[in-house]
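Number of protein chains: 2
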Amino acid sequence: MRKGDATKARILAEAGRLAAVNGLFNTSLNDVAERCGLSKSGLFKHFDSKEAMQESVVMDACDRFVDFVWAPVQHLPAGRSRLEAIFERQLDWETVENAAGGCLIMSSAVELDDRPGPLRDKLHDRLQQWRRILTREMMALTDPPLDYETAKMAAFEMNSFLLGHANAGRFMRDGDAREAARAAFRRLLDRTAKPG
Amino acid sequence: MRKGDATKARILAEAGRLAAVNGLFNTSLNDVAERCGLSKSGLFKHFDSKEAMQESVVMDACDRFVDFVWAPVQHLPAGRSRLEAIFERQLDWETVENAAGGCLIMSSAVELDDRPGPLRDKLHDRLQQWRRILTREMMALTDPPLDYETAKMAAFEMNSFLLGHANAGRFMRDGDAREAARAAFRRLLDRTAKPG
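Read top to bottom, the protein sequences are chains A and B. Residue numbers for the first sequence follow our numbering, beginning at 128 and rising by one. Residue numbers for the second sequence follow our numbering, beginning at 128 and rising by one.
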């Protein structure tokens with residue numbers, strides 16, 4: 128890694144941490160420069176605007192999410208055990224990997240929901256892609272595969288339990304948030320695999 | 128309503144709208160004064176700090192939530208039809224009542240999750256109170272009442288579907304977000320009422 132790349136990676140990491148705690152739109156270039164011990168002009172060598180930094184920070188979080196959640200499970204055969212592994216990795220993403228400030232992707236989606244523009248569009252595309260993956264994974268829960276609509280609905284419920292977990296764990300500080308989400312997800316898989 | 132009260136109500140309404148779109152911590156006293164056509168000193172007559180304004184805005188949103196969701200359903204007998212009515216009112220709260228900027232309570236919970244302090248504590252208490260109400264409502268789904276743990280778990284799932292609805296509808300712009308949430312909630316009530 129060249130020195131410039133290493134600096135950029137450090138800036139991204141610090142900016143991501145600040146944005147996760149204080150909000151993406153509440154994190155200025157000055158805040159990030161100060162945290163990194165750089166002058167504002169030093170920071171400008173890497174990002175020439177707040178918008179450019181925001182985009183890099185959010186896209187970097189999406190890349191890290193894929194590395195964290197998907198990379199360790201992709202060798203498993205599609206089906207229930209991979210779905211359970213994905214769910215556990217997403218719980219860990221929220222509580223372990225992002226213990227300090229929560230999931231920047233989720234908080235950015237809330238911040239961006241009423242701010243149309245290229246960053247919103249890019250995050251939307253990444254999340255849409257992830258939802259397609261989850262729907263495909265749900266289809267592989269049974270043999271023959273689940274129909275698309277049933278799988279999409281199950282993916283909606285799966286995502287809801289992850290959001291419920293983040294809310295219960297991070298804001299409400301429920302000690303049993305993880306167990307509640309996990310139990311809800313297990314029952315979802317049970318009834319989706321054996322309908323009727 | 129006295130003139131001062133009317134002005135304060137107008138400031139709260141405008142500040143709430145700005146905070147829902149731009150974020151609670153990204154809304155300055157200057158922004159609110161400008162939107163209301165007041166000088167900053169005019170605004171200071173009503174709120175002497177950004178923190179005081181934030182607290183009033185969030186508590187006002189909680190009061191409006193109770194008026195909007197609870198007031199129209201409280202005359203119904205406890206049980207399935209009241210639970211369904213509460214769920215519908217919460218969907219409407221997100222999409223109709225707060226069409227412009229989404230639910231300020233939910234976005235504030237995300238903004239406040241890693242900002243300890245009195246405002247976080249107050250919002251936490253209000254949300255805890257609402258969750259106790261939902262758990263109690265779930266207990267009344269059956270006769271004899273559901274046990275507390277089962278009802279609490281069902282309330283977790285109910286809340287998760289509402290968060291899933293907000294995410295799918297507001298950020299992902301899914302046309303079928305409402306129908307997905309409603310279908311998930313109906314199935315939750317079916318299986319909670321008839322376990323096994």
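Every residue, glycine too, gets a C-beta built ideally from N, C-alpha and C.
Selection from the options that minimises the alpha carbon distance to residue i
| i | options | result |
| --- | --- | --- |
| Gly131/B | Pro245/B, Trp220/B and Gly169/B | Gly169/B |
| Ala307/A | Arg318/A, Leu316/A, Gly291/A and Val159/A | Gly291/A |
| Arg300/B | Phe192/A, Asn153/A, Ser234/A and Gln255/A | Gln255/A |
| Asp274/B | Thr262/B, Lys177/B, Gln181/B and Asn225/B | Thr262/B |
| Val200/B | Ala212/B, Arg191/B and Arg207/B | Ala212/B |
| Leu239/A | Glu141/B, Asn286/B and Asn153/B | Asn153/B |
| Gly143/B | Gln181/B, Phe171/B and Leu165/B | Gln181/B |
| Gly150/B | Asp194/A, Ala236/A, Gly206/A and Ala304/A | Ala236/A |
| Asn294/B | Phe298/A, Gly296/A, Asn286/A and Ala295/A | Asn286/A |
| Asp187/B | Ala136/B, Phe171/B, Gly302/B and Val159/B | Ala136/B |
| Gly206/B | Leu268/B, Ala282/B and Arg314/B | Leu268/B |
| Leu165/B | Ile232/B, Glu141/B, Val196/B and Trp257/B | Glu141/B |
| Asp241/A | Ala147/B, Leu316/B, Trp257/B and Arg191/B | Ala147/B |
| Asp248/A | Arg297/B, Glu215/B and Asp252/B | Arg297/B |
| Trp195/B | Trp220/B, Arg318/B, Ala304/B and Glu264/B | The residue asked about is misnamed: residue 195/B is Phe in this sequence, not Trp. Nearest C-alpha to Phe195/B: Trp220/B. |
| Thr277/A | Phe192/A, Pro245/A and Thr319/A | Thr319/A |
| Arg314/A | Leu289/B, Glu284/B, Arg309/B and Gly302/B | Glu284/B |
| Gln245/B | Ala310/B, Val185/B and Leu231/B | The sequence shown places Pro at residue 245/B, rather than the Gln named in the question. The option with the nearest alpha carbon to Pro245/B is Val185/B. |
| Ser208/B | Glu161/B, Ala160/B, Glu264/B and Met233/B | Glu264/B |
Outcome for residue i when other beta-carbon atoms lying within 10 angstroms are tallied against a minimum of 16
| i | result |
| --- | --- |
| Gln217/A | buried |
| Val223/A | exposed |
| Ala133/A | exposed |
| Asn157/A | exposed |
| His173/A | buried |
| Lys167/B | exposed |
| Leu145/B | buried |
| Ala227/B | exposed |
| Glu178/A | exposed |
| Gly229/B | buried |
| Arg259/A | exposed |
| Lys321/B | exposed |
| Ala197/A | Correcting the residue type first, residue 197/A is Trp in the shown sequence and not Ala. Trp197/A should be labelled exposed. |
| Leu203/A | exposed |
Exercise. Fully enclosed by the stretch 226-314 of chain A, which beta strand (DSSP E) runs are 3 residues long or longer?
Worked result: Listed in chain order, nothing qualifies, since the stretch 226-314 of chain A has no complete beta strand (DSSP E) run of 3 or more residues.
Exercise. Going along the chain, which residues of the stretch 240-258 of chain B sit with their C-beta nearer than 9 Å to a C-beta in chain A?
Worked result: Per Cβ criterion, the list reads Asp240, Asp241, Arg242, Arg247, Leu250, His251, Leu254, Gln255 and Arg258.
For this session: Closer than 8 Å, Cβ to Cβ, to anything on chain A: give me those residues from the stretch 131-156 of chain B, in chain order.
Result: Ala147, Val148, Asn149, Gly150, Phe152 and Asn153
Exercise. When Cβ atoms are compared, which residues of the stretch 266-280 of chain B fall closer than 7 Å to chain A?
Worked result: Met280
Problem set entry | chain A contacts made by the stretch 283-300 of chain B, where a contact means CB separation under 7 Å | Phe283, Glu284, Asn286, Ser287, Phe288, Leu290, Gly291, Asn294, Ala295, Arg297, Phe298 and Met299
Exercise. Could you give the uninterrupted runs of the alpha helix (DSSP H) lying entirely in the stretch 173-218 of chain B, keeping only those of 4 residues or more?
Worked result: 177-192
Exercise. Looking at chain A, which residues of the stretch 212-238 of chain B have a Cβ within less than 9 Å of any of its Cβ atoms?
Worked result: Ala227, Gly228, Gly229, Met233, Ser234, Ala236, Val237 and Glu238
For this session: Note down, in chain order, all residues in the stretch 176-191 of chain A with a beta-carbon under 8 Å from any beta-carbon belonging to chain B.
Result: none
Exercise. In chain order, which alpha helix (DSSP H) runs of at least 4 residues are fully inside the stretch 134-167 of chain B?
Worked result: 156-163
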